[in-house]
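Notes to accompany the following structure.
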Amino acid sequence: MPVSENNSPVVTIVGGGPAGLIAAWVIARHGVKVDIYDGQPTMGRKFLMAGRGGLNLTHSETIERFLGRYGGASDWLSPMVDAFGPDHLRQFVHDLGQETFVGTSGRVFPRCFKASPLLRVWLKRLVDMGVTFHPRHRWIGGDQQSGMKFEHGGGVKTVTTDNVLLCLGGGSWPRLGSDGGWVTPLRLAGVPIAPLVASNCAVNVDWTEHMCSRFAGMPLKRIGLGLAGARIRSEVVITSAGLEGTGIYALSSEIRNQLDKDGVAILEIDLVPDRSIDDLEHILAEDRRKKSLSTFLTRRLKLSPQAIALAHEGYSAALGQVNAKQLAHCLKLIPVTITGLANMDRAISTAGGIMRNGVDDQLMLHALPGVFVAGEMLDYDAPTGGYLLQAAFSTGCWAAHGIIARMRGGSSPLNLGA
Ligand SMILES: Cc1cc2nc3c(=O)[nH]c(=O)nc-3n(C[C@H](O)[C@H](O)[C@H](O)COP(=O)(O)OP(=O)(O)OC[C@H]3O[C@@H](n4cnc5c(N)ncnc54)[C@H](O)[C@@H]3O)c2cc1C
Numbered sequence: 001m002p003v004s005e006n007n008s009p010v011v012t013i014v015g016g017g018p019a020g021l022i023a024a025w026v027i028a029r030h031g032v033k034v035d036i037y038d039g040q041p042t043m044g045r046k047f048l049m050a051g052r053g054g055l056n057l058t059h060s061e062t063i064e065r066f067l068g069r070y071g072g073a074s075d076w077l078s079p080m081v082d083a084f085g086p087d088h089l090r091q092f093v094h095d096l097g098q099e100t101f102v103g104t105s106g107r108v109f110p111r112c113f114k115a116s117p118l119l120r121v122w123l124k125r126l127v128d129m130g131v132t133f134h135p136r137h138r139w140i141g142g143d144q145q146s147g148m149k150f151e152h153g154g155g156v157k158t159v160t161t162d163n164v165l166l167c168l169g170g171g172s173w174p175r176l177g178s179d180g181g182w183v184t185p186l187r188l189a190g191v192p193i194a195p196l197v198a199s200n201c202a203v204n205v206d207w208t209e210h211m212c213s214r215f216a217g218m219p220l221k222r223i224g225l226g227l228a229g230a231r232i233r234s235e236v237v238i239t240s241a242g243l244e245g246t247g248i249y250a251l252s253s254e255i256r257n258q259l260d261k262d263g264v265a266i267l268e269i270d271l272v273p274d275r276s277i278d279d280l281e282h283i284l285a286e287d288r289r290k291k292s293l294s295t296f297l298t299r300r301l302k303l304s305p306q307a308i309a310l311a312h313e314g315y316s317a318a319l320g321q322v323n324a325k326q327l328a329h330c331l332k333l334i335p336v337t338i339t340g341l342a343n344m345d346r347a348i349s350t351a352g353g354i355m356r357n358g359v360d361d362q363l364m365l366h367a368l369p370g371v372f373v374a375g376e377m378l379d380y381d382a383p384t385g386g387y388l389l390q391a392a393f394s395t396g397c398w399a400a401h402g403i404i405a406r407m408r409g410g411s412s413p414l415n416l417g418a
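Going letter by letter, the sequence shown gives residues 1 to 418 in the numbering used here.
Following this line, the structure appears as structure tokens:
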């Protein structure tokens, strides 16, 4: 077993994403030596990618609403988010010298919007705390008893340790390091794992050529979206292959379930969510004064060209021939047939992973005592909005504390905040 200079044990963390790095911070603060291994040449590559469009760290809504975003996993994550939640995360970021702000939607971002300044200071802080980084070490199996096996420098290196935390991420964007390669060795070891599936990803729609060539890349803003009983107001972007964007990501699990059940999922789009059918019928019954339907819809209802095209796509020629009442119903419910999910490689996250019955209440694997797990490897799912990163941070802190408690043979204090 490797020991630090003062002969205390070393904790081995594999995976230098947000879950692994926050765990290193918690453990090192307890004066314990930490080694972090990662298959990539540098740490936090997906975290950096997450920051490219604005790093949405967490969300400022009430904790009840916040936890509800994790669906069936909310009661599992509840004590972990309670112990290191959105306020703790903001405090942690502030302590690293980065300010945060709450956007109009309630989402929380670093003031500079990007991940790179935060990651840079965070890594430096960890080095100052004595954490050692081992890049280009890809874990291929083994545990603290048999030795951790890493592909490194063209060969296989075995590392012995007595405390292990795996934070290997999900299976999307494999070129950034998280390729789901851990599923096979852990399954062979008897860990129950739900198959990794794309989440927060684009969906496929068989658009007409006209829709693809004219409107790909254009947004549909301030629309209503409905699927399988779920109703939200959001926005989406039309792509040549289908749809993507916040509204689609928010309905990820409903879309996935519907596709699993029926092979297709029918998304219902409301182009005028702020108007009732009666209100709309009243407007649509007005004299158009020889204006075409499209011109009338643009001027009177402020519908964008792509919104009008979508209505034509949904109802084709029929749209010009229906009465005001029928037209009102059409604009409030345009059926869009989703034929599948886009490839997992470009998904923002994956659902599935290590199941709740595979770990104890401190996130230690039943099948491999001494091996803890955290982050997107776990079987939770959430929409975008800061919930994914918050879960990685909360579970990383929780598992780190589980390790400390195990090393000390004691129990874990409930508040892990900064
Ligand atoms: C484009 C994009 C935008 C996103 N935007 C947001 C956002 O704004 N807000 C939000 O909340 N979430 C966002 N996410 C999701 C968020 O980035 C992830 O949920 C989060 O990074 C998961 O953290 P993690 O530490 O569990 O895993 P990861 O960040 O995936 O880190 C896992 C680490 O493990 C390493 N690793 C994997 N396998 C091995 C192995 N076998 N051996 C050694 N090392 C290995 C990887 O190299 C990686 O460094 C976004 C994701 C993407 C792709």
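Glycine included, each C-beta is placed from N, C-alpha and C at the ideal position.
Cutoff 8 Å; reference residue i; Cβ partners in own chain excluding five residues on either side
i      : result
LEU196 : GLY170, GLY171, GLY180, VAL183, MET344, THR350, ALA351, GLY352 and GLY353
ILE404 : VAL26, ILE27, HIS30, VAL32 and SER412
ILE223 : ARG233, SER234, GLU235, VAL236, GLY247, ILE269, ASP270, LEU271, PRO273 and ALA307
ILE266 : LEU227, GLN258, PRO335, VAL336, THR337 and ILE338
ARG346 : SER172, TRP173, CYS201 and ALA202
GLU244 : CYS201, ALA202, VAL203, VAL236, VAL237 and ALA342
ASP206 : THR337 and THR339
Supposed contact pair residue j and residue i - C-beta distance, whole angstroms, cut 8 Å
i      : j      : result
LEU148 : THR132 : Inspection of the sequence shows that residue 148 is occupied by Met rather than by Leu. Contact doesn't hold; Cβ gap of about 15 Å is too wide.
GLY177 : LYS46  : 7 Å
PRO9   : MET407 : 7 Å
ALA392 : ALA50  : So it is not a contact: roughly 10 Å between Cβ atoms.
GLU396 : GLY375 : One detail in the question is off: residue 396 reads as Gly in this sequence, not Glu. Indeed they touch by this definition, with Cβ atoms about 6 Å apart.
ALA318 : LEU165 : Between LEU165 and ALA318 the Cβ distance is about 59 Å, and since that is not below 8 Å, they are no contact.
Per-residue DSSP class, three states only, for residue i
i      : result
ASP361 : coil
THR298 : helix
SER316 : helix
PRO273 : coil
TYR249 : helix
ALA324 : helix
LEU55  : coil
TRP122 : helix
THR132 : strand
GLY417 : Since pLDDT at GLY417 reaches only 46, below the 50 mark, its modelled position is unreliable, and no value is offered.
LEU186 : helix
MET1   : Because the pLDDT at MET1 is just 46, under 50, the model does not fix this residue reliably, and the value given afterwards should be weighed accordingly. The answer is coil: DSSP assigns MET1 none of H, G, I, E or B.
LYS290 : coil
PRO457 : Nothing can be reported for residue 457: it is not among the residues displayed for the chain, which extend from 1 to 418.
Neighbourhood of residue i by C-beta distance below 6 Å, restricted to the same chain and skipping five residues each side
i      : result
LEU414 : Model confidence at LEU414 stands at a pLDDT of 39, short of 50, so the residue's coordinates are unreliable; what they give is reported in the following sentence. Excluding sequence neighbours, LEU414 sits near ALA83.
GLU61  : GLY106
GLY142 : MET148 and LYS149
LEU424 : Residue 424 is absent from the model: the chain starts at 1 and stops at 418.
THR58  : PRO86, LEU89, VAL108, GLY386 and GLN390
ALA367 : ALA189, GLY190 and VAL191
LEU293 : GLY320
TYR70  : LEU77, TYR380 and ALA382
ALA73  : TYR380
CYS112 : none
ARG52  : none
HIS137 : TYR37, PHE150 and HIS152
MET218 : ILE238 and GLN306
Own chain, CB closer than 7 Å to residue i, minus 5 neighbours either side, in chain order
i      : result
SER240 : CYS212 and ALA216
PRO305 : none
LEU419 : With the chain represented from 1 up to 418, any question about residue 419 goes unanswered, as that position is not in the structure.
MET1   : In this prediction, MET1 has a pLDDT of 46, which is less than 50 and means its spatial position is unreliable; what the coordinates show is noted afterwards. The residues are PRO9, THR160, THR161 and ASP162.
LEU123 : MET43
ILE277 : ALA328, HIS329 and LYS332
Residue i versus residue j - alpha carbon distance
i      : j      : result
GLN98  : ALA382 : 26 Å
TRP398 : GLY153 : 33 Å
ALA418 : HIS88  : Unreliable placement is indicated for ALA418, whose pLDDT of 39 sits below 50; the coordinate value is still reported in the next sentence. Between ALA418 and HIS88, the C-alpha separation is close to 6 Å.
PRO185 : GLY320 : 59 Å
GLY44  : GLY17  : 4 Å
ALA311 : LEU303 : 10 Å
ASN200 : SER252 : 6 Å
ALA328 : ARG275 : 10 Å
ARG289 : VAL322 : 17 Å
THR208 : ALA309 : 10 Å
LEU301 : GLU281 : 12 Å
ASN56  : TYR249 : 14 Å
LEU331 : LEU341 : 25 Å
TYR37  : VAL11  : 11 Å
GLU254 : ALA230 : 8 Å
CYS167 : ASP260 : 29 Å
LEU67  : PRO79  : 10 Å
HIS210 : LEU388 : 36 Å
GLY54  : GLU64  : 25 Å
ARG175 : GLN145 : 30 Å
VAL373 : VAL102 : 30 Å
MET377 : THR104 : 31 Å
Minimum Cβ-Cβ distance from residue i to chain D less than 7 Å
i      : result
MET129 : No chain D appears in this structure, which consists of one protein chain only.
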